[in-house]
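S.K.:
In this note's numbering, the protein residues as written are 4 to 183.
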């Protein structure tokens with residue numbers, strides 16, 4: 004069944020308050036098409052809107068679930084919890100990553116008057132973010148095939164931390180008006 008064809012979940016969907024996938028009535032997976040997700044959200048939001056016999060708390064839950072699943076990082080975190088990933092150090096980063104980030108931050112400080120250098124740095128951050136997302140996607144596919152291991156859960160968290168670090172770098176570059 005296609006994502007667009009899914010009916011809204013019943014009002015008593017189990018644990019729907021903490022399961023964004025159940026709130027929207029979609030299969031838990033990392034790979035979600037943003038357009039289909041939006042379509043499901045809009046139908047579900049219309050069904051629970053307070054103006055159409057819904058309740059404010061249901062409407063809020065649907066909107067929060069959409070925001071959660073739209074963002075790949077928060078979607079991955081929701082999946083880790085939902086799929087029962089082993090508990091691991093959630094602050095882990097790949098070896099040498101902190102040094103790499105310090106060097107990139109120094110580069111950011113040095114490109115304030117260099118639009119080409121700033122754009123190159125932004126592209127590097129975008130590429131690293133895309134690479135981390137692809138690794139996360141692959142790890143969730145691996146879990147679907149073979150189940151969770153501590154090593155796999157740890158690698159997902161490491162890649163989520165890499166992704167967040169590069170998101171923050173891009174946010175900083177945006178705030179400072181570098182390489183937009």
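Don't be surprised by glycine CBs; every beta carbon is placed ideally from N, CA and C.
As the structure is a prediction and not an experimental result, all values here were calculated from the model.
Residue 130 to residue 45, Cα distance in whole Å?
M.R.: Computed Cα separation, rounded: 31 Å.
S.K.: Could you give the first and the last residue of the continuous alpha helix (DSSP H) run that contains residue 157?
M.R.: Start and end: 153–178.
S.K.: Can you give the beta carbon distance from residue 66 to residue 37, rounded, assuming they're within the 8 Å contact cut?
M.R.: That belief does not hold up - the Cβ atoms of residue 66 and residue 37 are roughly 16 Å apart, past 8 Å.
S.K.: At the level of alpha carbons, what is the spacing between residue 96 and residue 80?
M.R.: Cα-Cα distance, rounded: 16 Å.
S.K.: Starting from residue 54, follow the alpha helix (DSSP H) in both directions and report where the run begins and ends.
M.R.: No alpha helix (DSSP H) holds residue 54; DSSP gives it neither H nor E.
S.K.: Would you say residue 68 and residue 35 are within 8 Å of each other, going by their C-beta atoms?
M.R.: Cβ atoms of residue 68 and residue 35: not closer than 8 Å.
S.K.: In its own chain, which residues sit with a C-beta less than 6 Å from the C-beta of residue 98, not counting the 5 before and 5 after it?
M.R.: Within the same chain, residue 98 has no close Cβ partners at all.
S.K.: Helix, strand or coil: which one does DSSP assign to residue 28?
M.R.: In the structure shown, residue 28 sits in coil (DSSP, three-state: anything other than H, G, I, E or B).
S.K.: Considering just the uninterrupted stretch of the alpha helix (DSSP H) at residue 146, what are its terminal residues?
M.R.: Looking at the DSSP string, the run of the alpha helix (DSSP H) that includes residue 146 is 118–149.
S.K.: If contacts are defined as beta-carbon pairs under 8 Å, then residue 91 and residue 151 qualify, I think. What distance do you get, rounded to the angstrom?
M.R.: In fact, because the Cβ distance is near 10 Å, the residues do not count as touching under 8 Å.
S.K.: Pop quiz: residue 165 and residue 155 are said to be a contact at Cβ under 8 Å. What is the actual Cβ separation, rounded to whole angstroms?
M.R.: Not a contact, Cβ separation roughly 16 Å.
S.K.: According to the Cβ coordinates, are residue 33 and residue 140 closer than 8 Å?
M.R.: Yes. Within cutoff.
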